[in-house]
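**Student:** Residue numbers (this note's numbering): 331 to 454.
What follows is the structure, encoded as structure tokens:
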């Protein structure tokens, strides 16, 4: 006997769906996160925030097939692309173990870098 169970999204606390362009950027962020996590798992490395974000930015650059440069400094990661510099502050970055917060952060930063949309009006 098969039993079908229907679950309302509102009942399980899932956020509303993002608009199509936002969802595409979020999906891209998720792909970056998954690929980076696979690499960390294969190397048996802990998900340390600075190294994980650094590798995510490298993965971002590789997937976009760009000639950007990623540099790690004391509390920042700098991404240089076409005479522009973008700074990722580690104090603002969620822990990679907090997957959904990390994905939201990465999505926001990708939106700023590639779509010139500064949703929170922060200087970068």
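Glycine residues also receive a C-beta, built at the ideal position from the N, C-alpha and C atoms.
Quick one: Cα of residue 342 to Cα of residue 428, how far?
**Tutor:** The residue labelled residue 342 in the question sits at position 12 within the chain shown. The residue labelled residue 428 in the question sits at position 98 within the chain shown. Since pLDDT at residue 342 reaches only 36, below the 50 mark, its modelled position is unreliable, and the value read off the structure follows with that caveat. Each residue's alpha carbon lies about 19 angstroms from the other.
**Student:** For the candidate residues 441, 373, 367, whose alpha-carbon lies nearest to that of residue 379?
**Tutor:** By one-based count along the chain shown, residue 379 stands at place 49. Cα-wise, what sits closest to residue 379 is 367.
**Student:** Could you check the C-alpha separation between residue 454 and residue 370 for me, to the nearest Å?
**Tutor:** Here residue 454 refers to the residue found at position 124 of the chain shown. Here residue 370 refers to the residue found at position 40 of the chain shown. Confidence at residue 454 is low in this model, with a pLDDT of 44, below 50, so the placement of that residue is unreliable and no value is reported for it.
**Student:** Going by CA-CA distance only, name the one from 416, 393, 425, 351 that's closest to residue 365.
**Tutor:** Taking the first residue of the chain shown as position 1, residue 365 is located at position 35. Residue 393 is the option with its Cα nearest to residue 365.
**Student:** If you check the beta carbons only, do residue 362 and residue 390 fall under 7 angstroms apart?
**Tutor:** Along the chain shown, one-based indexing puts residue 362 at 32. Along the chain shown, one-based indexing puts residue 390 at 60. A contact, by the Cβ cut-off of 7 angstroms.
**Student:** Please name the residue or residues paired with residue 406 in a DSSP beta bridge.
**Tutor:** Here the question's residue 406 lines up with position 76 in the chain shown. Residue 406 is bridged to 419.
**Student:** For residue 274, write down the residues that DSSP places opposite it in a beta bridge.
**Tutor:** A query on residue 274 cannot be resolved here, the shown segment of the chain reaching from 331 to 454 and no further.
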